[in-house]
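So the structure is just underneath, and the comments pick up after that.
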Amino acid sequence: MTVRSPRSKVVAPWVRTRLRTAPGTALALALLVAVTAFLAAALPRSVDRYGDTGLRQAVESAGAGRTVMQFNAPPDYGAPAPERDAGLRGAALEEYHAGIIRATDRALPLDRAQSASGVRSTEPQDMAEPWLPRPDGLPPRLDLVAQSGLTEHSRLAAGRLPRAPQDVTARTPRVEGAVSTDTARRLNIEVGSVLRFPGVQRDPLEVRVTGIVEPRDPRGSYWSVAPLMRTPVLTVLYGDPELRQYWKGALLLPPDAAPALLGTATEPYRYWNLAPAVDDLHGHDVPRLRTAVAATESGPALQRVREATSPLVSATTDLDEVLAHYERLRTAIGPLVAVAAFGTGTVAAVVLLMAGGLAAGRRRAELALLRARGGSLTGLGGRLLAETAVVALPAAALGLAAACLAVPGARLPYAVAAACGVALLGCLALPLRAVAAHRAVGVHTGREDVTAARPSRRRTVVELTLLTLSVGAVVALRTRGTSDGSDATGDQLVSLAPVLVAVIAALLLVRLYPLPLRGLARPARRLRGAVGPLSLARAGRGGGSSVLPLLALLTALTTAAFGGSVLSGVADARDRTALLTVGADARVESLHVLPPGLADRVRRTAGVDGVTVAGISYYARPQDGRDVVPVAAVDPAPYAAHTRRTGIGTFDASVLRTGGASGAGGAGGRAAGSGGGPASGDGGTEAAGPLPAVASPKVAERLGTRPFPVRMEDGSTVTLRITQVRERTPAVAGDHFLVVDRAGLSARAARPTALLVTGGGLDGAALRRTVGDTAPVQVRADERATYVDSPLQAGAERVYATAVAAGAGYAVLALLLTLVRAAPERSALLARLRTMGLTRAQGRRLLVLESLPQALLAAVGGTLTAWATVRLLAPGIDLTTMAVPGTVSSPARAALRTDPVSLLVPALVVVALTLGIAVAQAWWTGRRSSVRELRAGDAR
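Following this note's numbering from start to finish, the sequence shown increments by one per residue and tops out at 1166.
Next comes the structure, spelled out in structure tokens:
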């Protein structure tokens, strides 16, 4: 029989024992760390994802004509004719194209399938064929395009694809061609049609249409760089006062037929188009992409292209402008998102620290006993670190994996770093709190009492340091703003400003919190009953533990109010911009005169409350005629009423009436009793004085206060005088306009071209059915909806809203942790007081009154802190970039304003939740037996 020595006794591992003893605590910590790691890892991936989507949409919406890298070169006119002709054929162009791709592929992601090469004409030619459509008597103008890849990028709708005869030269008399289905339909071109292009020192070049093709991908770069290849357009003849229109389109030739263009007046040139691979573009690569585009346009890459092709090659693209605009937008939005991210991160970190503090407080007696029996701080901290690491590290890894699955297609390093930070904080919260609490060996600790506590010097130094950082951040944000310069996103101190203000407020409130308690303690002793004095005494025993919960609540309330104010300001800016763009709830406008009776039909449409008629001349020329100013001809009384309804540029109708007095902002009106303004021309009448006009500040500054002539679109001339200045007006979208009484204009100049429609229940579909094809209809609600189409702006809003919601959830969790920590002590107190005759109703009042001071402190303090933060930071924050797309001109700076709902609702929720939990705890304790709470020797 083997006898074991006492030294060989197996000791159970610490970590396994602790996990078996408190599995619920370990599970709660794992859940908290996993959720926090998921949110922390999902944030940078979400930012990357909406940034990538925003860049790709920006490139797509800009159009291939702007984003494709285009290399152009004229024919080599100095070479012998055979070499010159050979240089324009498809084989030579494809060889050059391959060399260009090799020279630029390493710098730019290219879509080779949508890239193409070819020869096209510079000058479209007038077509004399009588069977071609002539809308206003003008002949159509057509381009000739010989582009590679027609077979791969089109489907044959009729006939056959064109073929080039062998050895096409500049003297070839006829070639074959094709047209798109849209071109054939709109220009009446059929298979077999022959079109003649004027020749240079030769007979016209005949192009016989052998096929009609349908684009496989009409929106692809192949067809969109030169959209006339796909779709002809009606074009207004430049400089024509009658605005006559003509058709403009293109004929498609086979690549080997390109030399035939040399014998025409079309002035051909060679081109190579490199389309960017949109799916391979990433927002974080924009600086590198801009550098690559610059090098390709006029740098080393262009030099390599010229070496591979011809010294005459030039490169043009607007991709750099598209990338620059995107970068400005992202730079402006980034700090606003960082504010929400830092706020939520601060609250989450506080909750993790509170969880560690709660665990350390629950195990205070155990850890004090270990220290009293000789346990070292290092050994104690190591055991607790191992205990939490076993739980926190797998939970953080699980949260990271969930974030990668939920938000795919983004960079991994930032997400890993965020998850590791959460895991580190989850591992260290308990050991650090325990080591700090048990530096000195002792079993008994004194009673923590807020009313008797005095701040230490270390705490004072920390508070002063945070105060300095907060003041610096607020000053920087007020003076420079969040969107100043390309490095604004890197200024993390500015983004931390709301959090630092909340931190300082929390520390100040904790210092001020004992003062009212001390003041109320003596009068409360005179009250009848023990509930009042006892509740005040209980409220004053929060100790240092009240700092972290208050910090979490104030930070969450400040972040929520700040975020709510941002979202509210964005919504208000979009509403205002949409109203100023449309000028009413709906707008019906045409370049030509509206048909008679249309205004009456619109008035009878369901949901329409009013219709205001206006005639807008966008090309009126004042004074010397070098500049154009939109002139709105209106009926003064209805239009003035419309300005009052919309709140845009309100004025009195008498300001515009002939014979009316000048307005308050007038610049020299006419005397009463004078006739209409002088209008000469068709239907005009001579009058004694100038016609009053309302002008924008820019127009008033340029034209002055004296009468000035304005030449209208119909050729008539009217003399105007500015009598009032307004920033905006409903009839014209923009800050460049004149508004006059239509009675003083000629009949043609005063023609109605626009209807401004108002109505609370306006139905856009019904309005469009009423108007039909007469004119385009613009609805304010539809215009408003287009402002959220940008993935960059919409993604930033979603991230902001999610961060605010997560911060609110963590604040509630912080409140619950505070109440859970005090729950055993409260239960024991109620049990002992019930043995002394305390009723259940008095127990509920005691817990409610005990919780009320801290709840009111957090609610009132959070509301005031959030209000002060918004007021302090508002001058430095411009929401315009986040509110409206860059293609829309915002009427004014969208400033940050306090949102009452975001201020009050979260604070009321905190108070209601605190009191509800207190009542629920009192009710539950009253239903339970008091034996456990009254056990002798139970330390509570």
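We treat Cβ as the ideally placed atom computed from N, Cα and C, and that holds for glycine.
Since we're looking at a predicted model, the values are computed, not measured.
According to DSSP, residues forming a beta bridge with residue i
{"i": "residue 580", "result": "Per DSSP, none; premise fails for residue 580."}
{"i": "residue 249", "result": "Residue 249 is not bridged to any residue."}
{"i": "residue 295", "result": "500"}
{"i": "residue 945", "result": "935"}
{"i": "residue 384", "result": "438"}
{"i": "residue 243", "result": "Partner(s): none; residue 243 has no beta bridge."}
{"i": "residue 918", "result": "947"}
{"i": "residue 964", "result": "857, 921"}
{"i": "residue 542", "result": "296"}
Residue i and residue j closer than 9 angstroms at C-beta
{"i": "residue 522", "j": "residue 353", "result": "no"}
{"i": "residue 1102", "j": "residue 702", "result": "yes"}
{"i": "residue 971", "j": "residue 841", "result": "yes"}
{"i": "residue 987", "j": "residue 832", "result": "yes"}
{"i": "residue 1046", "j": "residue 613", "result": "no"}
{"i": "residue 625", "j": "residue 266", "result": "yes"}
{"i": "residue 379", "j": "residue 498", "result": "no"}
{"i": "residue 474", "j": "residue 367", "result": "yes"}
{"i": "residue 922", "j": "residue 964", "result": "yes"}
{"i": "residue 990", "j": "residue 947", "result": "no"}
{"i": "residue 1183", "j": "residue 559", "result": "This structure cannot settle anything about residue 1183, because the visible part of the chain is limited to 227 through 1166."}
{"i": "residue 456", "j": "residue 409", "result": "yes"}
{"i": "residue 263", "j": "residue 644", "result": "yes"}
{"i": "residue 804", "j": "residue 981", "result": "no"}
{"i": "residue 787", "j": "residue 1032", "result": "no"}
{"i": "residue 281", "j": "residue 500", "result": "no"}
{"i": "residue 728", "j": "residue 691", "result": "no"}
{"i": "residue 478", "j": "residue 426", "result": "no"}
{"i": "residue 855", "j": "residue 920", "result": "no"}
{"i": "residue 486", "j": "residue 316", "result": "no"}
Residue i versus residue j: straight-line alpha-carbon distance, rounded
{"i": "residue 538", "j": "residue 301", "result": "9 angstroms"}
{"i": "residue 1071", "j": "residue 1080", "result": "15 angstroms"}
{"i": "residue 973", "j": "residue 472", "result": "27 angstroms"}
{"i": "residue 327", "j": "residue 814", "result": "49 angstroms"}
{"i": "residue 325", "j": "residue 535", "result": "7 angstroms"}
{"i": "residue 1005", "j": "residue 808", "result": "7 angstroms"}
{"i": "residue 1020", "j": "residue 1011", "result": "12 angstroms"}
{"i": "residue 1067", "j": "residue 1060", "result": "11 angstroms"}
{"i": "residue 721", "j": "residue 568", "result": "7 angstroms"}
{"i": "residue 382", "j": "residue 388", "result": "11 angstroms"}
{"i": "residue 394", "j": "residue 1013", "result": "52 angstroms"}
{"i": "residue 889", "j": "residue 1003", "result": "Any reading at residue 889 must be qualified, since the residue scores a pLDDT of 36, below 50, and its modelled position is unreliable; the value itself is stated next. Distance between the alpha carbons of residue 889 and residue 1003: 33 angstroms."}
{"i": "residue 698", "j": "residue 1042", "result": "34 angstroms"}
{"i": "residue 1040", "j": "residue 259", "result": "14 angstroms"}
{"i": "residue 739", "j": "residue 547", "result": "56 angstroms"}
{"i": "residue 592", "j": "residue 774", "result": "23 angstroms"}
{"i": "residue 397", "j": "residue 428", "result": "7 angstroms"}
{"i": "residue 1140", "j": "residue 1034", "result": "14 angstroms"}
{"i": "residue 555", "j": "residue 1122", "result": "18 angstroms"}
{"i": "residue 684", "j": "residue 734", "result": "15 angstroms"}
{"i": "residue 441", "j": "residue 319", "result": "22 angstroms"}
Spatial neighbours of residue i in its chain, beta-carbon cut-off 7 angstroms, leaving aside the 5 residues before and after
{"i": "residue 424", "result": "351, 430, 490, 491"}
{"i": "residue 528", "result": "522, 541"}
{"i": "residue 355", "result": "421"}
{"i": "residue 667", "result": "597, 598"}
{"i": "residue 252", "result": "245, 617"}
Contacts around residue i, its chain only, beta-carbon distance under 6 angstroms, and the 5 residues preceding and following it disregarded
{"i": "residue 732", "result": "776, 777, 780"}
{"i": "residue 299", "result": "496, 536, 538, 539"}
{"i": "residue 622", "result": "259, 263, 645, 648, 649"}
{"i": "residue 288", "result": "548"}
Neighbourhood of residue i by C-beta, 8 angstroms cutoff - its chain only, sequence neighbours within 5 removed
{"i": "residue 208", "result": "No information on residue 208 is available, as it lies outside the stretch 227 to 1166 that the chain covers here."}
(request) Counting only runs of 4+ residues fully inside the stretch 777 to 862, write out the alpha helix (DSSP H) ranges in chain order. (result) 824 to 829
(message) Which complete alpha helix (DSSP H) runs does the stretch 277 to 360 hold, if anything under 4 residues is left out?
(response) 290 to 293, 307 to 312, 316 to 330
(message) Threshold first: 3 residues or longer. Then list the beta strand (DSSP E) segments lying entirely within the stretch 435 to 498, N to C.
(response) 459 to 462, 471 to 479
(message) Please give me, in chain order, every unbroken run of the beta strand (DSSP E) with length at least 3 that falls completely inside the stretch 974 to 1031.
(response) 980 to 984, 1003 to 1005
(message) As an exercise, report each continuous alpha helix (DSSP H) stretch of at least 4 residues that is fully enclosed by the stretch 556 to 632, in chain order.
(response) 590 to 598, 603 to 632
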